Amino acid sequence: MEPNLPDVVLWSIPAFVLLTVLEMVSYRLHPDDDAAGYDAKDAATSVTMGLGSLVFDLLWKIPVVAIYAALYELTPLRVPVLWWTVLLMLLAQDFFYYWSHRGHHVIRILWACHVVHHSSRKFNLTTALRQPWTSLTSWPFYLPLIALGVHPAALAFCSSANLVYQFWVHTERVDKLPRPFEFVLNTPSHHRVHHASQGGYLDRNFGGILILWDRLFGSFAPETERPVFGLTKNISTHNPFRVATHEYAAIARDVRSAATWSERAGRVFRGPGWQPSRPAVPAAPARPHAATERTG
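Residue 1 is where the sequence shown starts when you use full-length UniProt numbering, and the numbers rise one by one after that.
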């Protein structure tokens, strides 16, 4: 029987709206010249991307739910939906989210989906809404949970709870929290590092709810200097379709111009900044000494 779990995203929408309005007002009342703050066009693009993702996610869910349901029927395992098993499922989902998130940073075709979320040079609560329209790339990371007997509806609940938690960490208005919270949880300070484009901050702090995975697997970095938000190569468009597809277009251009099949594969499956190694150019032979040239 399908578990009866609430739609946490739907129930959280009023809180999203209220917190965003409060953050906007806070910038008006107490401006911070060093903070990225708000830009009307940027915020509108983020909201548009979020609304569009709701539509596209409904389409992507059709094949994903079919695959999850088929695997769930095949596995003999069953995890009952009780208060304590839900907590364990949340923990497990957060673990697999970490690896999904990390994979979407280090494999370019996956990055083409996730780059949308990093494409804003602002960092505020509307940035949390800047979601991709091609989120079909995440489902394989959670197959182990379904194989272990987690009902697809329970996984959907845990994924939604993880997403809702991450809304509040997209802000510059919250400074560092007390050390016990900073050590265990993903916080605004940790997530500012994740969205920064400085070299020392790149590909750090992938955690969803917990930052413990980053500490455990060597991807943690503390916030030590003010982050510069955005991409290493920023885009200058507010067109939602270009925001959603610009990295796919860049991959297509690179694949077309690649010289070999190995380079084509690298352009798709290696890291976003990967470049093929070029054969070394042989050094020109050293010219003989001038005195030698004059002999004879």
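Beta carbons: idealized from backbone N, C-alpha and C, even for Gly. For clarity, every value in this text was computed on a predicted model and none was experimentally measured.
Element boundaries [alpha helix (DSSP H), containing residue i]
i    : result
N162 : P152 to F167
P180 : R179 to V184
Y72  : A40 to L74
W261 : W261 to F269
T245 : P240 to S257
L110 : R108 to H114
Secondary structure of residue i, DSSP reduced to three states
i    : result
A290 : With a pLDDT of only 44 at A290, under 50, the local geometry of the prediction cannot be trusted, and no value is derived from it.
L148 : coil
L125 : coil
L82  : coil
L210 : strand
R204 : coil
S26  : helix
F217 : helix
Q93  : helix
I13  : helix
P188 : helix
T237 : coil
L77  : coil
W274 : coil
R130 : coil
L5   : coil
S100 : helix
V21  : helix
T295 : Caution applies to T295, whose pLDDT of 37 falls short of 50 and renders its modelled position unreliable; the model cannot decide the point.
G170 : Checking the sequence shown, residue 170 turns out to be His, not Gly. Of the three classes helix, strand and coil, the one that applies to H170 here is coil, per DSSP.
With 16 other Cβ atoms within 10 Å as the buried cut-off, status of residue i
i    : result
A128 : buried
Q275 : exposed
W133 : buried
D203 : exposed
E223 : buried
N239 : exposed
V228 : exposed
R179 : exposed
E23  : buried
F183 : exposed
P188 : buried
T295 : Annotation note: pLDDT 37 at T295 (below 50); position unreliable, coordinate value reported separately. Result: exposed.
A70  : exposed
Those residues which DSSP pairs with residue i across a bridge
i    : result
A196 : F229
L136 : Per DSSP, none; premise fails for L136.
Nearest-angstrom Cβ-Cβ length linking residue i and residue j, presumed shorter than 8 Å
i           : j    : result
residue 298 : A36  : Given that the chain is displayed from residue 1 to residue 296, the structure contains no residue 298 and the question cannot be resolved.
D42         : R226 : Not quite, the Cβ-Cβ distance comes to about 19 Å (not below 8 Å), so this is no contact.
V81         : P152 : That pair is no contact at about 12 Å.
S46         : T126 : 4 Å
I209        : Y165 : 5 Å
V255        : R267 : 5 Å
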